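**Student:** If you scroll down you'll find the structure; I have some questions about it.
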């Protein structure tokens, strides 16, 4: 699904898993570490304090070894329906750069989950477009991870 406007990104996925499982995949660092980041990225470090006001910080490492750190704060958590958090890449000094807000909703649809992902307040169309490419790959990885997550739960 295309972006809603120049500064907002909107993606949807129908995932073959109950929404409780999809919500857990977003909020449990053991699960997040398997799918966050574009294709061929790993998550060698992640910390998540999942409660309203809690923070998270993660390192996304490319296949070439470049590291990209991201951090944010959980603003709203309504399990298993809705998750809202800030998203900011860190600069070279470890300080957050431009902050956006991510809202993910989870709707049960016949044993599957309709997940809607919205990220808003990008500084530019180029930033939005690069995030769209990254999140698109990331959400494909989430869809592929869910059957494995179910087998390990």
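Residue numbers (my numbering): 797 to 949.
The beta-carbon is built from N, C-alpha and C at its ideal position, and this holds for glycine as well.
All values reported here derive from a predicted model rather than from experimental measurement.
In terms of residue numbering, what span does the alpha helix (DSSP H) encompassing residue 803 cover?
**Tutor:** Position 7 of the chain shown holds residue 803. First-last for residue 803: undefined, no H or E at that position.
**Student:** Expressed to the nearest angstrom, what Euclidean distance is found between the alpha-carbon atoms of residue 813 and residue 848?
**Tutor:** Working through the chain shown from its first residue, we reach residue 813 at position 17. Working through the chain shown from its first residue, we reach residue 848 at position 52. Straight-line Cα distance between these residues: approximately 25 angstroms.
**Student:** So, for residue 944: in the same chain, excluding its five sequence neighbours on each side, which residues have a beta-carbon less than 6 angstroms away from its beta-carbon?
**Tutor:** Along the chain shown, one-based indexing puts residue 944 at 148. No residues qualify anywhere along the chain.
**Student:** Using the C-alpha atoms, what's the distance from residue 913 back to residue 808?
**Tutor:** Position 12 of the chain shown holds residue 808. Position 117 of the chain shown holds residue 913. If you take the alpha carbons of residue 808 and residue 913, they lie about 6 angstroms apart.
**Student:** Cβ atoms of residue 924 and residue 806: under 7 angstroms apart, would you say?
**Tutor:** In the chain shown, the residue the question calls residue 806 occupies position 10. In the chain shown, the residue the question calls residue 924 occupies position 128. No, the Cβ-Cβ distance between residue 806 and residue 924 is not below 7 angstroms.
**Student:** At 4 residues or longer, and completely inside the region 813–839: list those alpha helix (DSSP H) runs for me, N to C.
**Tutor:** You should have 815–823 and 825–831.
**Student:** Buried or exposed: which applies to residue 798, given that a residue is buried once 16 or more other Cβ atoms fall within 10 Å of its Cβ?
**Tutor:** Start at 1 with the first residue of the chain shown, and residue 798 comes out as number 2. Any reading at residue 798 must be qualified, since the residue scores a pLDDT of 47, below 50, and its modelled position is unreliable; no value is offered.
**Student:** State the Cα-Cα distance for the pair residue 864 and residue 886, rounded to the nearest angstrom.
**Tutor:** Translated into positions along the chain shown, residue 864 becomes position 68. Translated into positions along the chain shown, residue 886 becomes position 90. Taking the straight line from one Cα to the other gives about 7 angstroms.
**Student:** Are residue 837 and residue 856 close, meaning C-beta to C-beta below 7 angstroms?
**Tutor:** Position 41 of the chain shown, counted from the first residue, corresponds to residue 837. Position 60 of the chain shown, counted from the first residue, corresponds to residue 856. For residue 837 and residue 856, yes; Cβs fall inside 7 angstroms.
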